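Below you'll find the structure, written out as structure tokens, and then a few comments.
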Amino acid sequence: MVLLKMHIQRGVNLAVRDIVTSDPYVVLKLGNQKLKTRVIKGNVNPEWNQSFNISVSDSHVPIHLCVYDKDTFSFDDKMGDADIDVAPFLKASKMHLKGVPDGITLSKVQPTKQNCLTEESCIVWSGGRIVQNMILRLQNVECGEVELQLSA
Numbered sequence: 241m242v243l244l245k246m247h248i249q250r251g252v253n254l255a256v257r258d259i260v261t262s263d264p265y266v267v268l269k270l271g272n273q274k275l276k277t278r279v280i281k282g283n284v285n286p287e288w289n290q291s292f293n294i295s296v297s298d299s300h301v302p303i304h305l306c307v308y309d310k311d312t313f314s315f316d317d318k319m320g321d322a323d324i325d326v327a328p329f330l331k332a333s334k335m336h337l338k339g340v341p342d343g344i345t346l347s348k349v350q351p352t353k354q355n356c357l358t359e360e361s362c363i364v365w366s367g368g369r370i371v372q373n374m375i376l377r378l379q380n381v382e383c384g385e386v387e388l389q390l391s392a
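Start counting the sequence shown at 241; every next residue gets the next number (the working numbering).
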């Protein structure tokens, strides 16, 4: 089992679900773990800047990320989702990195339809830990991206 730190940085160009804007928040799910960011009122480009720890035991099971629009008088509206493929990150975390210089790229992950990446994502040894920044294109919605970072 690996404990990952997930930092949800921000949303970009999220879909409008209220009259002119949205009140977005992110939900992360893996198995019976469910983590939620705070709601950012009236903003389709929210800055959450929230970190969570999530336990991963199976590298083949993705972390599911879903963005919602908070509604007061009805059910919250879905604003898109993405699956986070943690297998490349977990593979890099098993490398023996003693003596590896800071800033070295351990692996590069190319975007595919399965991993929701918008661009190449590098897994880097930085400050004594493994870090992967990624931009995910939300699925099942007309527009929107979420920027996040994995570290261990």
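For each residue, glycine too, the CB sits at the ideal point set by N, CA and C. Owing to the predicted nature of the structure, the values given are computational and were not obtained by experimental measurement.
> Which residues in the same chain have their Cβ closer than 7 Å to the Cβ of Val-242, if we skip the five residues on either side of it in sequence?
Replying inline: Val-296, Leu-330, Ser-333, Ala-392
>> Rounded to the nearest angstrom, what separates Leu-268 and Asn-289 at their Cα positions?
In response: 14 Å
>> Using 9 Å as the threshold, is the C-beta distance between Ile-324 and Ile-303 below it?
In response: yes
> Between which two residues does the alpha helix (DSSP H) containing Leu-390 stretch?
Replying inline: From DSSP, Leu-390 is part of no alpha helix (DSSP H) but of the beta strand (DSSP E) over 385 to 391.
>> I need the straight-line Cα distance from Pro-264 to Asn-253, nearest angstrom please.
In response: 11 Å
>> According to DSSP, Ile-370 sits in a beta bridge with which residue or residues?
In response: Trp-365
>> Taking only three categories from DSSP, how would you classify Asp-328?
In response: Rather than Asp, the amino acid found at residue 328 in this sequence is Pro. Helix at Pro-328.
> beta strand (DSSP E) containing Arg-250: first to last residue?
Replying inline: 242 to 252
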